[in-house]
Ligand code: UDP
Ligand code: MG
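Numbering (my numbering), first residue to last: 264 to 567.
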């Protein structure tokens, strides 16, 4: 196999047929290609449609992996690259927001001496202001927190060499943040600027709930800064409490008794709120450790 193309798919019955046709014609002209669809526990007609694509289509061999349930986009990408045999591996979404016609050009760029060629979004067509704003904020936040440089405005649309894929697969993160891992392994990485298209069929499979989960996965995988922040905040609050204590003692000695309980109550409530928030963040990290220690598989593929 020269090239494996991995496509994570979740409830895409509206677009999967036209996407398949488009990928086929985009890769027309390339030799020894395998196309791996990873069905991430779709509950619509997607699995049925994917099944009908299986087999050889000229130079393209189509394979389908079916998850036993929805494990999420990252797990689907991981399963796809784990099953891939190609010297090069490409990742692309099923909704064709990332044009598959660019894959041959990205492959060419790899042959010019790069190990990873990742799509850099110059624009995002047809996405809501909120999605664009949250994405903009997310890429900047993760970069300011993470100890490695994760390319801004780059999704999972990319082509990698086998060497990079093997390096990524050697990471045993329980909930892998794929684009972070690809950045983390190093090698020669190069951006490929492109315009992200609008989703023409179906709807986004990333509602706010999944976006928040994804952001936490990214931050907790590559940064301990929130824990450091907690420590500093705790230190700061200790100093402030000490100063207030000294001041209160002085007032008492001078016989000036503090009249209001409102300030006391507010201070108490705010203090507790901050403590709970900090405990919550620590709990989330601890939860991540527990997930890792349990050592459950990151996804389950079921038999056809
Ligand atoms: N996807 C998936 N599992 C999920 C959610 C999404 O495999 O739990 C797939 C989806 O079918 C698509 C890709 O991941 O191929 C990106 O999802 P989507 O286009 O909905 O995200 P957006 O582009 O809106 O961020
Ligand atoms: Mg999309």
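Even glycine gets a Cβ: it sits at the ideal position worked out from N, Cα and C.
Predicted, not measured: the structure shown is a model, and the values here were computed from it.
Outcome for residue i when other beta-carbon atoms lying within 10 angstroms are tallied against a minimum of 16
i           : result
residue 483 : buried
residue 376 : exposed
residue 400 : exposed
residue 466 : exposed
residue 533 : exposed
Close Cβ partners of residue i (< 6 Å) along its chain, the five nearest in sequence each way excluded
i           : result
residue 344 : 269, 352, 428
residue 464 : 277, 278
residue 480 : 438, 440
residue 273 : 303, 305, 468
Spatial neighbours of residue i in its chain, beta-carbon cut-off 8 Å, leaving aside the 5 residues before and after
i           : result
residue 524 : none
residue 414 : 381, 383, 442, 446, 452, 454
residue 328 : 299, 300, 301, 302, 342, 343, 346, 564
residue 350 : 264, 265, 266, 424, 425
residue 510 : none
Opening and closing residue of the alpha helix (DSSP H) in which residue i lies
i           : result
residue 211 : In the structure as shown, the chain begins at 264 and stops at 567. Residue 211 is therefore absent and cannot be evaluated.
residue 406 : 392 to 408
residue 271 : Taken as a continuous stretch (DSSP letters only), residue 271 belongs to no alpha helix (DSSP H), being part of the beta strand (DSSP E) at 266 to 272.
residue 502 : 488 to 516
residue 444 : 441 to 447
residue 485 : 471 to 485
First through last residue of the beta strand (DSSP E) which encompasses residue i
i           : result
residue 318 : 318 to 320
residue 423 : 417 to 424
residue 296 : 296 to 302
residue 326 : 323 to 330
Nonlocal neighbours in the same chain, by C-beta distance under 7 Å from residue i, ignoring five residues either side
i           : result
residue 419 : 340, 354, 441, 442
residue 287 : 320, 323
residue 280 : 312
Does the region 455 to 463 come within contact of the region 356 to 363, defined as at least 3 CB pairs closer than 8 Å? As far as the Cβ criterion goes, the region 455 to 463 touches the region 356 to 363, which means the pair count is three or higher.
Any heavy atom of the ligand MG within less than 7 Å of residue CB: hits in chain order: 356, 358, 360, 462, 467
With three or more C-beta pairs closer than 8 Å as the rule, is the region 384 to 399 touching the region 319 to 328? no
Are three or more beta carbon pairs between the region 300 to 320 and the region 331 to 351 nearer than 8 Å? yes
Any chance the region 309 to 318 sits against the region 536 to 552, with 3 or more Cβ pairs inside 8 Å? no
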